[in-house]
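Below: the structure, in structure tokens.
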Amino acid sequence: GAGVSQSPRYKVAKRGQDVALRCDPISGHVSLFWYQQALGQGPEFLTYFQNEAQLDKSGLPSDRFFAERPEGSVSTLKIQRTQQEDSAVYLCASSSDRVTEAFFGQGTRLTVV
Amino acid sequence: TQLLEQSPQFLSIQEGENLTVYCNSSSVFSSLQWYRQEPGEGPVLLVTVVTGGEVKKLKRLTFQFGDARKDSSLHITAAQPGDTGLYLCAGESYNTDKLIFGTGTRLQVFP
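From first to last, the protein sequence lines stand for chains F and G. FYI, the numbering for the first sequence is 194 to 306, going by the working numbering. FYI, the numbering for the second sequence is 916 to 1026, going by the working numbering.
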């Protein structure tokens, strides 16, 4: 597709359940970012990939959060043993090599009950 | 931790009014971007400013990057209901490629 695609759009998980969120970046985009956005707030940085290399994971809130991009294209954000405080919109963005202007997907709204 | 503070946090105005949103930081950025986000959607890039003191105009929107590259402003002239949304500034640090987003300004323009 022409834009960044995220799936699922909505996810309801029971507390303690593991979830996996998928991001398909714009074809050819080298950089991929994951952000977490609480209601009415600005996105908070989680992690960043350049191709398959995870260059920065300083924003991951705990070791329950794990992200991968094994072939330098599609990325998955995994959250283990979900907690209520994990409820948020998870945004994925991609950008080309030399331009850091990011293009965002529509996000995945995660609700932990 | 948000390094970029936006003000005001909320703004409700009538159609036709002018407004300014501010984005301030103690950090220096190599570039600064402004996004608009509508409910249920991801942020959409409006503009990127890269030079200290730079001013960019996009129809009724005027963006300015501070001389010291620590702050920025967005001015909207004659606001319209279609301008309603969450406005976000985002800074790119010199030593990383990640974008740091501001706290956001929620704008509501009433007809």
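Quick reminder that beta carbons are idealized off the backbone N, C-alpha and C, glycines included. Just so we're clear, the structure is a prediction, and the values are computed from it rather than from any experiment.
So for residue i, helix, strand or coil by DSSP?
i: G:D998; result: helix
i: F:E310; result: Outside the shown range of chain F (194 to 306) lies residue 310 of chain F, about which nothing can therefore be said.
i: F:F253; result: In the sequence as displayed, the identity of residue 253 of chain F is Leu instead of Phe. Of the three classes helix, strand and coil, the one that applies to F:L253 here is coil, per DSSP.
i: G:V965; result: coil
i: G:G1017; result: strand
i: F:R215; result: strand
i: G:L926; result: strand
i: F:N244; result: coil
i: F:Y283; result: strand
i: G:T977; result: strand
i: F:F259; result: strand
Just how far apart, CA to CA, sit residue i and residue j?
i: F:I272; j: F:L214; result: 8 Å
i: F:V212; j: F:A206; result: 7 Å
i: G:V965; j: G:S922; result: 21 Å
i: F:A286; j: F:K250; result: 15 Å
i: G:A1005; j: G:K972; result: 18 Å
i: F:Q276; j: G:A993; result: 44 Å
i: F:Y203; j: G:I991; result: 33 Å
i: G:T1018; j: F:Q210; result: 30 Å
i: F:L226; j: F:S220; result: Residue 226 of chain F is actually Phe in this sequence, not Leu. Approximately 14 Å, taken between the alpha carbons.
Can you tell me whether residue i is buried or exposed? The criterion is at least 16 other CB atoms within 10 Å of its CB, across all chains shown.
i: F:R328; result: Chain F is shown from 194 up to 306; residue 328 of chain F falls before or after that span and cannot be answered.
i: G:V1024; result: buried
i: G:G957; result: buried
i: G:K1013; result: buried
i: G:R984; result: buried
i: F:E245; result: exposed
i: F:P236; result: buried
Counting only beta-carbon separations shorter than 7 Å, does residue i have a partner in chain A?
i: F:Y283; result: The chain inventory of the structure shown lacks chain A, comprising the protein chains F and G.
Under 6 Å from any heavy atom of the ligand FMN, does the C-beta of residue i make it?
i: F:F238; result: Here there are no bound small molecules, and the ligand FMN is not part of this structure.
Near-chain G residues of the segment 198–231 of chain F (beta-carbon distance less than 7 Å), N- to C-terminal order: Within the segment 198–231 of chain F, the residues whose Cβ lies closer than 7 Å to any Cβ of chain G are, in chain order, S224 and F226.
Residues in the segment 974–1003 of chain G with C-beta within 7 Å of chain F's C-beta atoms, listed in sequence order? L1003
Closer than 8 Å, Cβ to any Cβ of chain F: which residues of the segment 952–976 of chain G, in chain order? Residues are counted here when their Cβ sits less than 8 Å from a Cβ of chain F; for the segment 952–976 of chain G these are G955, E956, G957, P958, V959, L960 and T963, given in chain order.
Interface residues of the segment 248–268 of chain F facing chain G [CB-CB below 7 Å]: Going along the segment 248–268 of chain F in chain order, one finds D249 with a Cβ nearer than 7 Å to chain G.
Counting only Cβ-Cβ distances shorter than 9 Å, please list the residues of the segment 926–955 of chain G near chain F, keeping chain order. S945, S946, Q948, Y950, Q952 and G955
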